[in-house]
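Counting in the numbering used here, the sequence shown runs from 87 upward without gaps.
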Amino acid sequence: MAYQSLYRKYRPSTMDEVVGQQHIVEVLTNSVKKDKISHAYLLTGPRGTGKTSTKKLFARAVNCTSDTELICGQCDNCVAVQNNTHPDLIEIDAASNNGVDEIRSLIERVKYTPILGKYKVYIIDEVHMLTQGAFNALLKTLEEPPSHVVFILATTEIHKVLPTIISRCQRFDFTRIPELAIAERLDSILEKEHESAEPVQRN
87 MAYQSLYRKY
97 RPSTMDEVVG
107 QQHIVEVLTN
117 SVKKDKISHA
127 YLLTGPRGTG
137 KTSTKKLFAR
147 AVNCTSDTEL
157 ICGQCDNCVA
167 VQNNTHPDLI
177 EIDAASNNGV
187 DEIRSLIERV
197 KYTPILGKYK
207 VYIIDEVHML
217 TQGAFNALLK
227 TLEEPPSHVV
237 FILATTEIHK
247 VLPTIISRCQ
257 RFDFTRIPEL
267 AIAERLDSIL
277 EKEHESAEPV
287 QRN
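What follows is the structure, given as structure tokens:
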């Protein structure tokens, strides 16, 4: 069996496994259960706080076809997102695709209905890296988005995002994970790996 790094092996596979962001998890979970999906979400906060895991899990949840589970992990939508092959999940790294032409190309595809899932989900990572022109182009779509589209924007530098963009999104502020929560998660992983570790006292 090929080696799998621990961070990949134990990356959260359900919303309940996201550590240290309980309020955010509850709000997003309830929005799916009650079928009250917003057209745009903005996840902001320091690196390493769970934004990447949360946005991918939420993208799975909004298109999961299970009647009993938020993320079943078995339906075609869940499997496709997990394998990075879902035709209705489009991810853009704004750090390298930050121009107006890239955003206009994305917006041009917004009008098309989903192929596999209920929603087309557009994830724009490091959204603060977009140019002024790209922000303006995105703003027009956020003002009047099609009902089948969900935008998930993520940033570590919220102060660089236009206020007009922020105002059109449901915003979630991720905070640094408490040390106790990190320790509990590590203990859980060590137990599953049949390993042990001694705590190190900080100076």
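For glycine and all other residues, C-beta sits at the position ideal for the given N, C-alpha and C.
As the structure is a prediction and not an experimental result, all values here were calculated from the model.
Query                                                                                                                    : Result
Status (buried if at least 16 other CB within 10 Å, exposed otherwise) for R195                                          : exposed
Identified DSSP bridge partners for Q256                                                                                 : Y127
Neighbourhood of A180 by C-beta distance below 6 Å, restricted to the same chain and skipping five residues each side    : I210, E212, V213, M215, L216
C-beta contact flag for I176 and V148 at 8 Å                                                                             : no
Completely contained alpha helix (DSSP H) runs for the region 202 to 278, where each covers 4 or more residues           : 218 to 229, 249 to 252, 265 to 278
Best match in L192, E188, L239, I193 for proximity to K142 [C-alpha to C-alpha]                                          : L239
Residues of its chain near T250, where Cβ-Cβ distance is below 7 Å and the 5 sequence neighbours each way are ignored    : L225
Among S139, K120, V247, the one whose alpha carbon lies nearest that of V167                                             : S139
Euclidean distance between Cα positions of P232 and L129                                                                 : 21 Å
Neighbourhood of G203 by C-beta distance below 6 Å, restricted to the same chain and skipping five residues each side    : N149, N163, D174
Neighbour-count burial assignment, Y198, 16 or more Cβ in a 10 Å radius                                                  : exposed
Cβ-based neighbour list, F294, same chain, cut-off 6 Å, excluding 5 preceding and 5 following                            : The first residue shown for the chain is 87 and the last is 289, placing residue 294 beyond what the model contains.
Cut-off 6 Å between Cβ atoms - residues of its own chain near R190, not counting five sequence neighbours on either side : A223
Nearest-angstrom Cα separation, counted from E265 out to D273                                                            : 12 Å
Alpha carbon of K57 to alpha carbon of G136, nearest angstrom                                                            : This structure cannot speak to residue 57, because the chain is shown only from 87 to 289.
Whole-angstrom distance between N184 and N170, CA atom to CA atom                                                        : 22 Å
Beta bridge counterpart(s) of E177 as assigned by DSSP                                                                   : I209
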